[in-house]
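Q: One structure, pasted below without further comment.
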Amino acid sequence: MKTVHYFMSPVSPWSYLGHKRFLAMASANGARVLLRPIDLGRVFPQSGGLPLAKRAPQRQAYRLHELPRWRDHVGVPLNVHPKFFPAPPDDAARLIIAADLALGTEAALKLAGAFMSAVWAEDRNIGDAPTRAAIVAEQGLDAAALEARADDARTAFDAYTDEAIAAQVFGAPWYVVDGEPFWGQDRLDFVARALERR
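As structure tokens, this is what we get:
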């Protein structure tokens with residue numbers, strides 16, 4: 001069985017655009033997904049990356065061409081200018097991790113997709129605690145039970161970020177198959193080929 005380390009952020013549009021396609025290819029190839037929500041605020045300074053607001057104007061402008069281009073190509077609803085972006089992602093990331101710890105990866109991946117859809121398709125604020133609780137409940141999960149795992153989730157979030165930095169991750173999504181890294185949902189064709197190798 002192949003294993004894929006899946007480094008992501010619940011506010012990354014590129015993680016969102018690739019999420020369903022990645023899960024479908026992992027499932028089709030019987031791959032095990034190790035979900036790793038990470039703190040990009042810690043990753044970027046290690047790699048020379050910058051948060052969106054600090055990037056050069058031409059990079060910001062090009063991003064506004066790429067987002068709708070990919071949205072239309074993959075058929076995923078996406079608001080290029082979401083009402084609540086950037087929203088603080090850490091609490092949502094820790095809830096995803098808590099779901100993974102308490103309920104398993106399938107539940108966590110479903111919750112990750114719901115948080116990303118909330119930001120990029122539904123104009124909901126995942127930085128707001130009642131909104132997060134509602135999203136968790138909509139996935140059939142118990143927000144209070146997940147919040148009870150907060151300490152464990154916080155420890156894991158820090159550890160996953162450390163793991164990402166050690167693995168030379170510099171953006172999200174980032175996939176690792178058999179030690180081979182792939183940055184960005186636009187590399188998913190190559191991820192599929194790596195998963196299909198025997």
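Just so we're aligned, residue 1 is where the sequence shown starts under the numbering used here, counting upward by one.
The C-beta atom is built at its ideal place from N, Cα and C for all residues, glycine as well.
Please read these numbers as outputs of a predicted model, since none were measured by experiment.
Hey, could you find the ends of the alpha helix (DSSP H) E66 is sitting in?
A: As a first step, residue 66 is located in the sequence shown; it is residue number 66 there, counting from the start. Residues 57-74.
Q: Would L67 pass as a contact of V80 if the rule is Cβ separation under 8 angstroms?
A: As a working note, residue 67 is residue 67 in the sequence shown. As a working note, residue 80 is residue 80 in the sequence shown. One thing to note: L67 has its Cβ within 8 angstroms of the Cβ of V80.
Q: Is the number of C-beta pairs between the segment 86-93 and the segment 55-66 that are closer than 8 angstroms three or more?
A: no
Q: Can you say whether D158 is buried or exposed, counting buried as having 16 or more other CB atoms within 10 angstroms of its CB?
A: As a working mapping, residue 158 is identified with position 158 in the sequence shown. Looking at its Cβ environment, which holds fewer than 16 other Cβ atoms inside 10 Å, D158 is exposed.
Q: Between which two residues does the beta strand (DSSP E) carrying P181 extend?
A: Position 181 of the sequence shown, counted from the start, is the residue given in the question as residue 181. Unbroken beta strand (DSSP E) run through P181: 180-183.
Q: Are the segment 113-127 and the segment 152-166 touching by the rule of at least three beta carbon pairs closer than 8 angstroms?
A: no
Q: Is M1 helix, strand or coil by DSSP?
A: Sequence index remark: in the sequence shown, residue 1 carries index 1 (1-based). M1: coil per DSSP, three-state reduction.
Q: Would you be able to state if there are at least three C-beta pairs under 8 angstroms between the segment 172-180 and the segment 1-12?
A: Because the criterion of three Cβ pairs below 8 angstroms is met, the segment 1-12 and the segment 172-180 touch.
Q: Please return the same chain residues whose Cβ sits closer than 8 angstroms to the Cβ of G30, not counting the five positions on each side in sequence.
A: For the purposes of this step, residue 30 is taken as residue 30 along the sequence shown, with counting starting at 1. Taken in chain order, the residues that qualify are M1, K2.
Q: In three-state DSSP terms, what is R32?
A: For the purposes of this step, residue 32 is taken as the residue at position 32 of the sequence shown. Three-state result, R32: strand.
Q: Please report the straight-line C-alpha distance between E180 and R32, rounded to a whole angstrom.
A: Here residue 180 refers to the residue found at position 180 when the sequence shown is read from its first residue. Here residue 32 refers to the residue found at position 32 when the sequence shown is read from its first residue. Between E180 and R32, the C-alpha separation is close to 15 angstroms.
Q: For E196, which residues of its own chain have a beta-carbon under 8 angstroms away from its beta-carbon, when the five flanking residues on both sides are left out?
A: The residue labelled residue 196 in the question sits at position 196 within the sequence shown. Only N29 meet the Cβ criterion.
Q: Just to confirm the assignment, what range does the alpha helix (DSSP H) spanning V11 have?
A: For the purposes of this step, residue 11 is identified with residue 11 of the sequence shown, where counting begins at 1. Segment: none, V11 is in no alpha helix (DSSP H) and carries neither H nor E.
Q: Evaluate contact between the segment 13-27 and the segment 123-141, counting only Cβ atoms and requiring at least three cross-stretch pairs below 8 angstroms.
A: Counting Cβ pairs under 8 angstroms, fewer than three are found: no touch.
Q: Whose C-beta lies closer than 6 angstroms to the C-beta of F182 among residues of the same chain, with five residues either side of it excluded?
A: As a first step, residue 182 is located in the sequence shown; it is residue number 182 there, counting from the start. For F182, where only same-chain residues beyond five positions count, the Cβ hits under 6 angstroms are Y175, F190, V191.
Q: Helix, strand or coil for V176 per DSSP?
A: Counted from its first residue, the sequence shown places residue 176 at position 176. Secondary structure at V176: strand, using DSSP grouped into helix, strand and coil.
Q: To the nearest angstrom, how far is it from the Cα of V177 to the Cα of A87?
A: Mapped onto the sequence shown, residue 177 falls at position 177. Mapped onto the sequence shown, residue 87 falls at position 87. Roughly 30 angstroms separates the two Cα atoms.
Q: Quick one: using the 10 Å Cβ neighbour count with 16 as the cut-off for buried, is P51 buried or exposed?
A: By one-based count along the sequence shown, residue 51 stands at place 51. It counts as exposed.
Q: Please work out which residues of its chain come closer than 8 angstroms, Cβ to Cβ, to G48, disregarding the five sequence neighbours upstream and downstream, and give them in chain order.
A: For the purposes of this step, residue 48 is taken as the residue at position 48 of the sequence shown. Here the set comprises F170.
Q: Output the boundary residues of the alpha helix (DSSP H) element that contains L95.
A: To locate residue 95, count along the sequence shown from 1; it is residue 95. 90-103 is the extent of the alpha helix (DSSP H) around L95.
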